[in-house]
Each structure stands twice: as structure tokens, then as C-alpha cells.
Amino acid sequence: MRDVTSNGLAGSTAPPPGEKIKKPKEKKWGCSWFLKCCRREKRVSPLSDPKDQQKPPQELQRSTDEVSQSSVPQSELSLAYQQINLGFPNPAQICYMNSSLQSLLTLTRYFMDIVRLRDGGDTLLKLGALGKFKWLLSIEAPEFADHHQKDAHEFLTAVLGQMRDLAAPLRHVASILGRSYRCPVESNLEFRMQNRRKCKRCGSASVREEEFLNLSLDLIPGGSVQQMLQEYEKDTDLEFNCECGGTTSAQCSTFTTLPKWATSWYSLVSVISHLGSEGNAGHYISSGLHPDVDPQTASDLWLNYNDSMVTYMTREDVCQRSEESAYLLFYEKMLVTNPDPRVPVSRQAALQHMQKNLDIYEVQTAGAAQQGAQILVFPEDGLHGFNFTRTSIIPPPPVHLMDAGSSTPILPPEIITFDTPFAGKFGLLICFDILFYKPTIALVEKGVHQLIFPTAWFNTLPLLDSVQYLRSLSRSTNVTLLAANLCHDNKNMAGSGIYTPFSSIYHHSKRGDPEEGKLLVARVPVLDPEWSGQRVATEEEKLASESTSSPVTDSGFCHSESCSDASSVPSSSATFTSFTIGDPFTFVLLNEKEGRVKVCNGSFCCHLQYKRISQGNSEELYAFGAFAGLHTLDGDLSLQVCALVRCAGSDPSFCGQGVEEAETKMDFVMVGKFGTRYVYPSVLASQMVLEEVKHFDKSADGRVTLKHSDMTAGLVTACLYGQMYHLDHE
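At position 618 of the sequence shown the residue is numbered 618 (UniProt numbering), and the sequence of numbers has no breaks.
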């Protein structure tokens, strides 16, 4: 199974893949590669004043040395005037710093993760900000304290290293404040490599995986980026003293968090050029793609940053200058999702787009085959094609569309299955359809307990994160679910997994993580009763097997009477209403260290016995809520839900909003009496960690109990998500 995603790449002393370079004169520098995620967004400079964005074009400072209007379209020039980074002043040989910072700000995702300082466009304010930045850096790197010229690569490495070192303490402070922090360096620039060293005498080998922010590559005269990377990955003989007496080893390095270079699509977005013969002398300038230009458009509109002087350039100008003076080049990997799938494209364009994804699929298929995989699932929207014949694939049209605004099927429901020689029958469904009776529950009731689920799932905390919902559905309905989701940060898509009623393996990237995806391979039991020679159970037998007469004896309530009218725990008086994914939940705050509460939404009531296990001085706010009614935000779904959530802030109005981190652990018993047999239990911990529910019980009278303790991390959300399929408008 594969998350199809996009990552980014930045830096090198070579031109884009496929372009040739000339051997530089008297230059033996290496080159730096920086990993980053790609997402182009409309933006402004973090050092610009919002008021400046409203000034007419003629008021913006710009050099008279502009490119001719014949080389840059008038529409692009008009756009460029409105949002332009006006450059940084250079009072005392800090061009190495200016060019490095300007190139970093060209990297879109890195830019979006930096706090948007709006110190104004005034030169003195910018000068003060740069001076403070340099002073803070020199505390840990005193070699940058003076006013002498420095090497831009060494400066960039020091800046990124210090930012990464601050990640752990900043995360701790953020969690105390009830917030989250993502390090822009770890999220956008960090990558991993595996180094394998083997003694050439005895054959003993050692393997070590390391994290990198940059990588030195040797120049190949007339070569390309791909050729330099391929050369780097070849075996290299090194001096090495082995216990056997051998003195030579062969070392091979491979990238573990980047796709194969042959299947990657990159675009040059920024260049740091050095004018001079030595890295610690001369002058540095930076050129970058205009911030309002999407690199996929191959636009010719670039900006040249020569300290405070900003001029317009074309891509051709940049490449010509780079042949002799390029020091660091920055690349972004292009997304391979269709930017607008509703717009018809030519046959050639469709085939070109398909080929990009097929290249990635081919690599992942080979990797899965090496591990003995017998069935592979790729995400929805991986292939954008043209007049499929349906002879070699089974493309079930989605019955429901996310954007339709209703659960009314757009096509007649179609139950699709296929047989395999190794595990029997599988069912096939796509994305939004899994929330509805048809086809999901219809497949289960026909005895199909192995489901293939390609999806483009929008995560919606605190109740409908992908791994949260899919794991709970797998457990409650006794199915194996092979779910492959896209990894798309700006669309809040992440989370793929192989879920069985007994276990799960999943990958869930967090917001800001590299969009690189992951191949998941697992051995799972066969659940097809006919294939294994078992009889398909009747509906009455299924109901009997789900019911159990043994109560949860330590819950403290709901022993001898139904939860809906339990008098031992009166309804909490201090209730309030807060919206959760568009639904008006009735909540009660959990103000004590431990206790019992009851909350009702209409006639539907939920009970909770809890014990908080706070970490340090954490004062996180939690609430327990209930909802029964029609959910209409993503279509018409009839629900009954009991939910224990961490609030997004210190005010009750923040309860029900999504959070991803928490420090407070909880032992709890949650009970509700539901009008449906389809109740899905889930416990989600901090950093999107899925906890396996300790105890889940359903009785014949509809009472459902979720019991959990000994959490591995802080509680983000726990819920009993009941779906009243018989009331849905299908």
C-alpha cells in the first residue's frame, strides 16, 4: 500500500535535471541538497508591511534595470508589482546572510512555516531585524560575530542547525500553552540516508541511518543533477580498520525518505551565486522564482536579490549566469496531482500525467513484491486518464461525492467484489462511500470481510480522522480494510493503514511533515468464510455474537439498569453547546482530577467515569459531549455520538475543535445506549497515535461500553461513533 505524495528538493551546484553545465573555472566546491515539501501559496514577504501591499505599483521601490516587457508578460509584471520582497540592506559584508535568507524565503513551504513578521518595509527596521538575527546566531556560532565576509553555505548550515536544535524545547513550551509547534527545518528540509559499510576482507557489514540537512556532491563536467546523485550512490572504497585485520571497506549510501531520483520531477526555484574566487571573499547574490508564480507553469518571471537592490530576470538569464557563478541551487518537487480534475485535458496531457504516477507506482510495486505482497492498493486520484476500457481494472464510480452536499447517491449503488486465488473474495469501495450503508455495510452483510479502500480522505478531528475512523470500523464490523490515502498537507489528507479486527499497521504524517508517503506491507489473516471453508453467519447469529451478558463490573454505573435512565449519575447541570464538525454537541467540562459525569442530547445520554493523569504542570481542558441527530456537513448522516475531547483552548467555546497534541493521559469508562448495532470505538493519542482499545462491549439492549487505560501518550479524543444507517436518506 502506498501514500502517493510530493516532497521537495533544494540545492546543488548543477542545473535542473536534463540540463548541462560547463566546468566552472577554479571552483572545487561541493553542493548542498535540502529536502522540502512543495506547496505554492499566494504570499507576501514576512518583512513587508501589510499596508505596503495596498500601495499602487508606482510607489514600490524597484530597480531601473528591469527586463524588457517583451520577455515578461504584462499580466505577470502587474502581479509582480503588488507583492514583492524589496530586498535586505547590507551595511557591512553580510551578503552571504542576505542571499541565504532570501533563497530560504523562496522555498514555499519553508516560507509558510516561518512566523510572518511584519516589521514594515522601512530599511532601518529591516536592518535592525537582520542585526538581531546575526547577533543571536553568533551566540552559538561566534565565527559569525564579526563584520567580515563569510561562506554562504557555512552560514546556511549554522542557521538551520540552530533552528533544529530549538525544536524540542519549543515543542515543550507550545504544549504547556495548549498549542503545537512544528520545526520548519525538520518539516521541510530534513531527509534521511542509510549508510551501509562492508569490510572487503571478511564481509562483515554495518548499517546506520542518519538525518541530514545537506549533502556534498561532486561536480561532473557536462553532467546533470541525476547523474551526480547516481554517482553519489555508487560504492566507494574507504580506509577502515576491521577486527579481522582488514583495512578497506566498501560504503554505499541510499536515500530512505526520498523517492527514486528517476521518478522525481523537480523545478529550479532559487540560486545563490558567488562572484569571486574564494568562498570567504567576493560577493553573494540570490535569484528566485517570483513568489506569486507556480513553478509548474514554467514562468519566466524571476527576481534577482542583490542585497537591497531587486531586479527582474528571466529563467534563461539565471541559467546563463549560473554556469560560471552558481554556488547553491534550490529545487522544489512538483506535485503530481491534477490541479483541476474537472477541466478536460488533451489525451497527450492525460497520458503525461499518468506516466508520472505510474513511475512512482512501479518503484513501490517492486518494493512490495520483494517483501512478498500479494495485493497492492494505491490512493484515489493517482491516475487521471482518458476513456478507460474497464477491461483490465475495476473502477467503481463513487456512489456519493464529497462535494455533493447530500447523501443522495449520484449513481445507483453498485456492490463490486472480485475473487483472488490466495485469500478469496474482496470488496471494493472508494473514499466518501465508506460512510454510508451502501456499499460498505451492504458488503459486510453479504459476508465480504476484506475491503479494498483507495481514498482521498479529508481528516476532520476530533471524530473523523482517517486512521481513527477506519480502525474503529474495522474492529467493530470484523473486516480487514486495506486503506490507501493521499498525503496532501494543504488539503489535510493523510493516513493510510492495513487494519484487521485484531491489529493494525498505519502511517499518518503530521501537518508540516515531508509529503513523501510510505509503503506499508503486512501479513493478515484470511477472513473470507467461504474460502476458509466456514459457513456465513446469519444476521441473528451475528447479533448474538456481538452481545455479551457480562457487565463492566468496575465502571461504577450501568450495572443493573440501562444507561439511558441511570439515576446514580444525574445529568450534569453545567452543560453548554459547542459545535463539532458542524454538529451542536452538548458538553460538560471535566474540572476534577477524577469523577463521573452524565450528559444528554435530547433523549440520548452518555456516561463517563474518568481519572486524569496530568503530566507536569499541564492544565489542559477536557470536555465530554453527546450528540444525536442528522449530520449534514458532509452529507446526511444520522448519528449518535459520545465523545471525550481535549479542548483547543482554555475557553469552553474551543471544545469540539480539532487538536493534534496533548499531554494529559486518562483512564476512563464510557457508556451509552445506542439505537444501532453499528457503533465504532476509537482512542486517539497525541501526535496522531492510534491506541488499541482495551475493552469494547455491546449488549443486546443497545448498551455499548468503551474502557481504556494505560495510555502511551496524552489523550486527544476518544469516542463511540454510532451510525444510524436505517435513518439515512438513501
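From the three backbone atoms N, C-alpha and C, an ideal C-beta is built for every residue, glycine too.
None of the values given here were measured: they were computed from a predicted structure.
Just measuring C-alpha positions, the residue of V641, G722, T420 sitting nearest T477 is G722. When rounded, the separation of the alpha-carbon atoms in E140 and R182 is 22 Å.
A contact between stretches requires three or more CB pairs, one per stretch, nearer than 8 Å, and the segment 608-616 fails this requirement with the segment 574-584.
Per the C-alpha coordinates, the member of Y725, G635, G656 positioned closest to L644 is G656. Here V671 is buried, its C-beta having at least 16 other C-beta atoms within 10 Å.
In the pairwise beta carbon analysis, the segment 269-286 is classified as not touching the segment 206-222: fewer than three pairs are separated by under 8 Å.
H153 carries a helical assignment under DSSP once its states are collapsed to helix, strand and coil.
When the Cα atoms are used, K200 and G246 turn out to be separated by approximately 7 Å. The straight-line gap separating the alpha-carbon atoms of A628 and R677 is approximately 15 Å. Here D701 is exposed, its C-beta having fewer than 16 other C-beta atoms within 10 Å. At a Cβ-Cβ threshold of 8 Å, S466 and L690 do not count as neighbours. Taking a 10 Å sphere around the C-beta of W135, we find fewer than 16 other C-beta atoms and assign the residue as exposed.
Annotated as proximal: F674 and Q640, with beta-carbon spacing under 8 Å. Under the three-state reduction of DSSP, C242 is assigned to coil, being neither helix nor strand. A straight-line Cα-Cα distance of about 25 Å links C719 and P454. Annotated three-state conformation of C487 is coil, per DSSP. Rounded to whole angstroms, L166 and Q194 show a C-alpha spacing of 25 Å.
By the CB criterion at 8 Å, V173 and L137 fall outside the cutoff. Spatial neighbours of E316 in its own chain (CB-CB distance under 8 Å, excluding positions within 5 residues in sequence) are listed in chain order as D300. For Y284, no alpha helix (DSSP H) run applies; the uninterrupted beta strand (DSSP E) run containing it begins and ends at 283-289, by DSSP. A check of alpha carbon separations from R196 across V363, S249, G161, L482 identifies S249 as the nearest.
Taking 8 Å as the cut-off, the Cβ atoms of S175 and E619 do not count as close. The beta carbons of V693 and P681 sit about 5 Å from each other, so the pair counts as a contact at 8 Å. Rounded to the nearest whole angstrom, the C-alpha separation of L633 and M711 is 32 Å.
Our two residues, H726 and K438, have alpha carbons roughly 11 Å apart in a direct line.
Nearest to K518 by C-alpha distance, out of D528, T106, G497, I434, is G497.
A Cβ-Cβ contact shorter than 8 Å links W531 with A423. Per DSSP, N188 is one residue of the alpha helix (DSSP H) stretching across 184-188. For the set L238, N98, L170, the Cα lying nearest the Cα of F155 is the one of N98. No residue range can be given for E233, since it is assigned to no alpha helix (DSSP H) and is classified by DSSP as neither H nor E. Separation of the CB atoms of V524 and T480 is rounded to 5 Å, and the pair is thereby assigned contact status at 8 Å. With respect to the C-alpha of R475, the residue from H290, G625, L170, L527 having the closest C-alpha is L527.
The criterion of a C-beta distance shorter than 8 Å is satisfied by S100 and I272. L376 and N459 have their C-alpha atoms some 23 Å from each other.
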